[in-house]
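To start, the structure itself, in structure tokens.
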Amino acid sequence: MRHILIYLLTINIFTTYAQNDTNGVSYNLEINNKFDFESNSLEIDFFQNFLYGGFITNQEKNKWLNNIAENNVINFEIINSIKIKRNNNKNLFFLEISDKNIANISFTDDILGLILRGNYYYESDTLKFDNTSIKANRYQQIKLGYSRKTNSIKIGTAISFLNGNHHYSYMLRTGYLYTGNSGGSLDINYNMQAFATDTNNFSLFRNNGNGLAFDFNIEIEHNNFTINLYLTDLG
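Take the sequence shown: its position 128, counted from the start at 1, is 129 in the working numbering, and no numbers get skipped.
Laid out in structure tokens, this is it:
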């Protein structure tokens with residue numbers, strides 16, 4: 002059975018709240034830090050041992066390689082944001098400013114085997130690297146949203162302006178490595194596409210492009226059930 006690891010840490014640094022009793026208007030300020038890590042096959046002990054465990058035994062290597070999938074995905078996000086909300090009875094307005102760092106890695110079990118064991122272990126064998134990719138994005142997002150609740154239905158929408166900083170992507174469509182007997186010969190072949198933003202003037206907030214995104218959501222309450230339909234960051 003494959004394991005799904007979701008390691009999520011959200012810290013609310015502080016939240017302030019004020020309400021005007023005269024007209025029922027309330028304000029809310031939130032500052033959040035979020036770290037989200039997901040893997041379709043690797044467990045937390047792999048990363049703890051790989052990064053901090055020192056010497057890794059062959060038994061541990063075999064355990065990891067036996068448990069991973071043929072194709073593996075690692076995704077993580079680091080998001081820092083500040084959000085201001087104004088609630089007036091049935092109407093909610095909000096402004097959110099966030100800094101987002103998102104990375105996605107897709108790799109085969111052969112690549113992990115090469116990293117852990119080296120190519121000598123696979124002499125007279127061919128390791129496949131098909132559909133391997135590394136993608137990373139960093140950008141800032143300014144989102145303005147509105148929602149309204151009427152009876153048991155709540156409808157919301159938002160529009161965002163994006164300030165793009167950096168994008169990196171390395172994609173191996175096909176690839177393999179063949180190691181001959183005793184490492185006497187190596188044959189490597191791959192077809193890779195690589196994209197990167199300008200690195201001449203590296204800066205955390207350098208502008209390398211702008212964009213727009215849209216949100217839409219609807220929430221329906223019926224008896225003891227709540228149905229949510231939402232579309233986030235279309236753009």
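Heads up, the beta-carbon is just placed ideally off N, CA and C, and yes, glycines get one too.
Please read these numbers as outputs of a predicted model, since none were measured by experiment.
Review point. For N138 and chain C, any beta-carbon pair shorter than 8 angstroms?
Key: As a matter of chain content, chain C is missing from the structure shown, which is built from one protein chain.
Point to revise | Residues that DSSP places opposite R139 in a beta bridge | key: If you number the sequence shown from 1, residue 139 lands on position 138. According to DSSP, R139 bridges with N102 and H167.
Check your understanding: Taking the C-alpha atoms as reference points, what is the distance between N164 and I103?
Key -> Indexing the sequence shown from 1 puts residue 164 at position 163. Indexing the sequence shown from 1 puts residue 103 at position 102. Between the alpha carbons of N164 and I103 lies a gap of roughly 14 angstroms.
Point to revise | Exposed unless 16 or more other CB atoms sit within 10 angstroms - verdict on K144 | key: Numbered from 1 along the sequence shown, position 143 holds the residue referred to as residue 144. By the C-beta density criterion, K144 is buried, having at least 16 other C-beta atoms within 10 angstroms.
Check your understanding: From this set, L205, L173, A197 and N182, which residue's C-alpha is nearest N190's C-alpha?
Key -> Walking along the sequence shown from the start, residue 190 turns up at place 189. The residue from L205, L173, A197 and N182 with its alpha-carbon nearest to that of N190 is L173.
Check your understanding: Of all the options M193, S82 and D111, which has the alpha carbon lying nearest to the alpha carbon of E71?
Key -> As a position in the sequence shown, residue 71 is number 70, starting the count at 1. In terms of CA proximity to E71, D111 leads the group M193, S82 and D111.
Review point. For Y140, does the count of other Cβ atoms within 10 angstroms reach 16, so buried, or fall short, so exposed?
Key: Numbered from 1 along the sequence shown, position 139 holds the residue referred to as residue 140. When all chains shown are included, Y140 counts as buried.
Practice item. Kindly confirm or deny that the stretch 115 to 134 and the stretch 167 to 187 touch, where touching means at least three C-beta pairs closer than 8 angstroms. Key: Below 8 angstroms, enough C-beta pairs join the stretch 115 to 134 and the stretch 167 to 187 to call them touching: three or more.
Check your understanding: Expressed to the nearest angstrom, what Euclidean distance is found between the alpha-carbon atoms of F77 and F38?
Key -> On the sequence shown, position 76 is the one that residue 77 refers to. On the sequence shown, position 37 is the one that residue 38 refers to. About 4 angstroms.
Point to revise | Outcome for I14 when other beta-carbon atoms lying within 10 angstroms are tallied against a minimum of 16 | key: If you number the sequence shown from 1, residue 14 lands on position 13. Caution is warranted here: a pLDDT of 48 is assigned to I14, below 50, making its placement in the model unreliable, and no coordinate value can be reported.
Review point. Residue range of the beta strand (DSSP E) that I189 falls in?
Key: Numbered from 1 along the sequence shown, position 188 holds the residue referred to as residue 189. Note, I189: beta strand (DSSP E), L187 to A197.
Point to revise | Pairwise C-alpha distance: N208 and N152 | key: Within the sequence shown, the letter at position 151 stands for residue 152. Within the sequence shown, the letter at position 207 stands for residue 208. Their Cα atoms are separated by approximately 44 angstroms.
Exercise for review: List the endpoints of the continuous alpha helix (DSSP H) containing I116.
Suggested key: If you number the sequence shown from 1, residue 116 lands on position 115. Counting along the chain, the unbroken alpha helix (DSSP H) around I116 starts and ends at D110 to R118.
Review point. How long is the line joining the alpha carbons of F47 and W65, rounded to whole angstroms?
Key: In the sequence shown, the residue the question calls residue 47 occupies position 46. In the sequence shown, the residue the question calls residue 65 occupies position 64. Near 7 angstroms, if we compare the C-alpha coordinates of W65 and F47.
Review point. By a C-beta neighbour count over all protein chains shown, 10 Å radius and 16 as the cutoff for buried, is L235 buried or exposed?
Key: Indexing the sequence shown from 1 puts residue 235 at position 234. Burial check for L235: the Cβ neighbour count within 10 Å stays below 16, so the residue is exposed.
Check your understanding: Do F95 and G146 have their CB atoms nearer than 8 angstroms?
Key -> The residue given as residue 95 occupies position 94 in the sequence shown. The residue given as residue 146 occupies position 145 in the sequence shown. Cβ distance < 8 angstroms, so F95 and G146 count as in contact.
**Study point:** For S153, three-class secondary structure by DSSP
**Key:** Within the sequence shown, residue 153 is the residue found at index 152, counting from 1. The answer is coil: DSSP assigns S153 none of H, G, I, E or B.
Review point. Which residues in the same chain have their Cβ closer than 6 angstroms to the Cβ of K86, if we skip the five residues on either side of it in sequence?
Key: Along the sequence shown, one-based indexing puts residue 86 at 85. Close CB contacts of K86 within its chain, under the 6 angstroms cut and outside five residues either way in sequence, are with N29 and F95 (chain order).
**Study point:** Secondary structure of L213, DSSP reduced to three states
**Key:** What you label residue 213 is simply residue 212 of the sequence shown in a count that begins at 1. If DSSP states are grouped into helix, strand and coil, L213 belongs with the strands.
**Study point:** Cα-Cα separation between I83 and A159, rounded to whole angstroms
**Key:** Your numbering for residue 83 matches position 82 in the sequence shown. Your numbering for residue 159 matches position 158 in the sequence shown. Pairing I83 with A159, the inter-Cα distance amounts to about 16 angstroms.
Review point. Buried or exposed: which applies to G1, given that a residue is buried once 16 or more other Cβ atoms fall within 10 Å of its Cβ?
Key: Because the chain in this structure spans residues 2 to 236, residue 1 falls outside the shown range and cannot be described.
Review point. Grouping DSSP H, G and I as helix and E and B as strand, with all else coil, what is E61?
Key: Residue mapping note: residue 61 aligns to position 60 of the sequence shown, counting from 1. Three-state result, E61: helix.
Practice item. Would you kindly check if the distance between the Cβ of S99 and the Cβ of Q142 is under 8 angstroms? Key: Counted from its first residue, the sequence shown places residue 142 at position 141. Counted from its first residue, the sequence shown places residue 99 at position 98. For the 8 angstroms CB-CB criterion, Q142 and S99 form a contact.
Review point. Given a threshold of 16 other Cβ atoms within 10 Å of its Cβ, counted over all protein chains shown, does T109 qualify as buried or as exposed?
Key: The residue you call residue 109 lines up with position 108 of the sequence shown. Its Cβ being crowded by 16 or more others within 10 Å, T109 is buried.
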